[in-house]
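If you count the sequence shown from 1, you need to add 1474 to reach the numbering used here. Down below is the structure, laid out as structure tokens.
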Amino acid sequence: MLTTVEATIDEQGQVRLLRPVRTTGCRRALVTVLDEDFGLPNTKKTPNITLMSESALGEDWNRSEEDEAWAHLQE
């Protein structure tokens, strides 16, 4: 089973997974450190990822098919 899990690594090298991972036993893992300063919550450098992805996601969300698919939740 290959699973990709987003994580953060602090200045001391501590890895923190952003969601829990369930395994059936001890497993080996590979960690890829991305060379980007994306900012963490509660810092002044935090970009609003929601706003950054809004235009791309808006193309999918703003379709009549999407409105029809979710209409039952608006009743």
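Using N, Cα and C, we set each Cβ at its ideal position, and we do this for glycine too.
Check	Outcome
Contact belief for V1505 with R1493 at Cβ below 8 Å, rounded distance in angstroms	That pair is no contact at about 15 Å.
Cβ-based neighbour list, D1534, same chain, cut-off 8 Å, excluding 5 preceding and 5 following	E1540
Beta-carbon proximity list for D1484, same chain, < 8 Å, skipping 5 on both sides	R1490
Inter-residue CB distance, T1482 and V1495 (contact presumed, cutoff 8 Å)	15 Å between Cβ atoms; not a contact.
Residues near G1487 in its chain [Cβ-Cβ closer than 8 Å; skip 5 each side]	none
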